[in-house]
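Chemist: Protein chains in written order, with my numbering: chain A, 1 to 221; chain B, 222 to 482.
Don't be surprised by glycine CBs; every beta carbon is placed ideally from N, CA and C.
Encoded structure:
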């Protein structure tokens with residue numbers, strides 16, 4: 001593939017894979033946090049927020065320490081399954097997933113909390129199982145918030161840089177996503193190449209902002 | 222209602238804290254302005270980070286020298302962008318010449334020292350030489366600096382091209398953002414080998430030097446300095462550059478593993 005085109009395709013691929021991981025996990029966490037009273041509620045709230053608050057280098061460091069070839073899990077993965085994550089596109093997917101998960105949860109949780117409990121109670125009184133209530137009542141009612149969360153999570157995954165650079169590395173043709181390629185182009189003084197990715201990333205961000213704005217419920221409605 | 226006023230209270234506290242932080246900064250800023258001797262600011266290649274503090278300590282001339290480290294290509298862009306730098310010390314002639322072409326340097330570019338490429342591996346590395354790099358198995362990696370920005374990576378690329386293994390190694394090469402990043406990959410055992418400067422390996426326990434590059438295929442790695450106009454103390458930058466060529470400074474560079482200039 002054309003070396004200038006590859007980072008674009010890779011970035012969309014990595015962001016899509018990250019969104020596929022983040023959507024069910026994020027929706028699950030958000031629903032539990034919104035509807036199930038449990039003793040770890042505050043702890044989970046804090047934990048979910050961490051990737052937004054922490055410097056990306058902390059995330060990258062922890063990913064390498066945990067999933068690198070000498071890492072606690074990384075060494076086991078390699079010994080048992082023969083899988084190496086570091087310097088692969090999957091490492092970029094994992095870094096992006098960690099970065100995007102809080103965005104999904106923070107959009108989905110208020111959407112679930114905003115559903116009138118009576119709605120779910122009616123479902124239950126009509127004989128629906130808790131799982132059926134979730135899929136037939138809660139999920140449809142929260143769909144706008146969930147979609148907004150997915151769009152924002154996709155965008156956040158696309159913008160992942162620090163964790164990706166440390167954990168996935170810059171391996172041309174494998175892990176050089178648009179943000180990495182932009183940084184490499186900047187370092188090399190190749191402004192024309194840098195502007196190409198700047199233009200794409202800015203254009204995409206504008207689309208995301210418009211989409212998220214339309215999906216987020218207006219105040220008072 | 223009480224919840225809302227509580228949030229407002231928090232916001233006010235945060236604003237107060239930020240305001241306090243700014244006020245606290247002010248006195249030190251005015252002190253700097255009152256200092257008689259302007260500070261000399263040096264932009265230096267990451268590969269000099271272990272030796273430059275010793276050089277500056279030995280230099281010990283009135284007026285302070287502060288240093289910003291980075292990949293030479295990165296620093297070059299910062300100087301072009303107007304960063305207030307009095308002296309650049311880069312790991313290659315190219316970025317210095319690029320600044321010269323834009324009229325940003327003052328006076329001649331000076332070769333301060335030379336360096337040598339070595340092939341290193343993690344402590345438990347299998348034997349490997351520059352000439353057998355293409356035996357690195359698929360799925361394993363060789364780390365080098367990004368040739369576009371990191372001179373060590375550019376030198377490594379030239380050596381691999383001359384050895385004829387550059388193309389074959391494409392699927393096994395991972396780029397580091399500077400020499401320190403490349404070294405970190407080797408220290409953590411994430412790669413089979415890494416190409417860095419000889420000066421990076423001194424006193425580091427968790428790596429082994431597998432091979433030293435020969436002049437047959439490896440270009441001479443140079444450390445090049447030039448005074449730049451963008452800073453506040455051009456004279457300070459020039460004086461330090463002149464001193465770096467003296468026997469005193471050269472002795473410190475040699476002790477750190479650098480070659481003669």
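Taking 8 Å as the CB-CB cut-off, is residue 165 of chain A touching chain B?
Modeler: For residue 165 of chain A, the answer is yes, since a Cβ of chain B falls inside 8 Å of its Cβ.
Chemist: Quick one, which of A/47, A/198, A/89, A/96 has its alpha-carbon nearest residue 222 of chain A's?
Modeler: With chain A covering 1 to 221 only, the question about residue 222 of chain A has no answer from this structure.
Chemist: Consult DSSP for residue 438 of chain B and reduce its assignment to one of helix, strand or coil.
Modeler: coil
Chemist: Could you tell me the alpha carbon to alpha carbon distance between residue 432 of chain B and residue 416 of chain B, rounded to whole angstroms?
Modeler: 10 Å
Chemist: Applying the criterion that 16 or more other CB atoms from any shown protein chain within 10 Å of the CB defines a buried residue, is residue 354 of chain B buried or exposed?
Modeler: When all chains shown are included, residue 354 of chain B counts as buried.
Chemist: State the DSSP-derived secondary structure class of residue 397 of chain B, mapped to helix, strand or coil.
Modeler: Reduced to three states, the DSSP call for residue 397 of chain B is strand.
Chemist: Report yes or no: do the region 316 to 335 of chain B and the region 376 to 383 of chain B share at least 3 C-beta pairs separated by less than 8 Å?
Modeler: no
Chemist: Would you report the Cα separation of residue 402 of chain B and residue 206 of chain A, rounded to the nearest angstrom?
Modeler: Going from the Cα of residue 402 of chain B to the Cα of residue 206 of chain A covers about 34 Å.
Chemist: Is the CB-CB distance between residue 370 of chain B and residue 294 of chain B below 8 Å?
Modeler: yes
Chemist: State the Cα-Cα distance for the pair residue 131 of chain A and residue 124 of chain A, rounded to the nearest angstrom.
Modeler: Each residue's Cα considered, the two are about 10 Å apart.
Chemist: Along the beta strand (DSSP E) that carries residue 384 of chain B, what are the first and last residues, could you check?
Modeler: From DSSP, residue 384 of chain B is part of no beta strand (DSSP E) but of the alpha helix (DSSP H) over 372 to 384.
Chemist: So residue 300 of chain B contacts chain A; which residues on that side make the cut at Cβ distance below 8 Å?
Modeler: Those do not exist, as residue 300 of chain B stays about 11 Å from chain A at its closest Cβ, beyond 8 Å.
Chemist: Please work out which residues of its chain come closer than 6 Å, Cβ to Cβ, to residue 147 of chain A, disregarding the five sequence neighbours upstream and downstream, and give them in chain order.
Modeler: 215
Chemist: Consider the Cβ of residue 328 of chain B: report whether some Cβ of chain A lies at a distance smaller than 8 Å.
Modeler: no
Chemist: Quick one, are the C-beta atoms of residue 448 of chain B and residue 462 of chain B less than 8 Å apart?
Modeler: yes
Chemist: Using a Cβ-Cβ cut-off of less than 8 Å, give me the residues of the region 88 to 121 of chain A that come near chain B, in sequence order.
Modeler: none
Chemist: Considering only residues of the region 32 to 110 of chain A, which uninterrupted alpha helix (DSSP H) runs meet the minimum length of 4 residues and lie entirely inside it, listed in chain order?
Modeler: 41 to 53, 56 to 67, 72 to 76
Chemist: Taking the continuous beta strand (DSSP E) assigned at residue 454 of chain B, which residues delimit it?
Modeler: No beta strand (DSSP E) holds residue 454 of chain B; DSSP gives it neither H nor E.
Chemist: Using alpha carbons as the reference points, say which of B/422, B/445, B/282 lies closest to residue 308 of chain B.
Modeler: Of the listed residues, the one whose Cα sits closest to residue 308 of chain B is B/445.
Chemist: How about residue 108 of chain A and residue 145 of chain A: are their beta carbons less than 8 Å apart?
Modeler: yes
Chemist: Any contact of the region 186 to 195 of chain A with the region 404 to 413 of chain B, i.e. 3+ C-beta pairs under 8 Å?
Modeler: no
Chemist: Who are the near neighbours of residue 347 of chain B in its chain, counting only those whose CB is closer than 8 Å to its CB and skipping five residues on each side?
Modeler: 413
Chemist: Could you name the residues of chain B that residue 68 of chain A contacts, counting a contact when the two beta carbons are closer than 7 Å?
Modeler: 409, 411
Chemist: From B/372, B/352, B/423, pick the residue whose C-alpha is nearest to that of residue 390 of chain B; which is it?
Modeler: B/352
Chemist: Return the first residue and the last residue of the beta strand (DSSP E) that residue 331 of chain B is part of.
Modeler: 326 to 336
Chemist: Kindly indicate which three-state DSSP category residue 431 of chain B falls into: helix, strand or coil?
Modeler: Per DSSP, reduced to three states, the secondary structure at residue 431 of chain B is strand.
Chemist: Verify the CB distance criterion: does residue 86 of chain A have a CB-CB separation below 8 Å to chain B?
Modeler: yes
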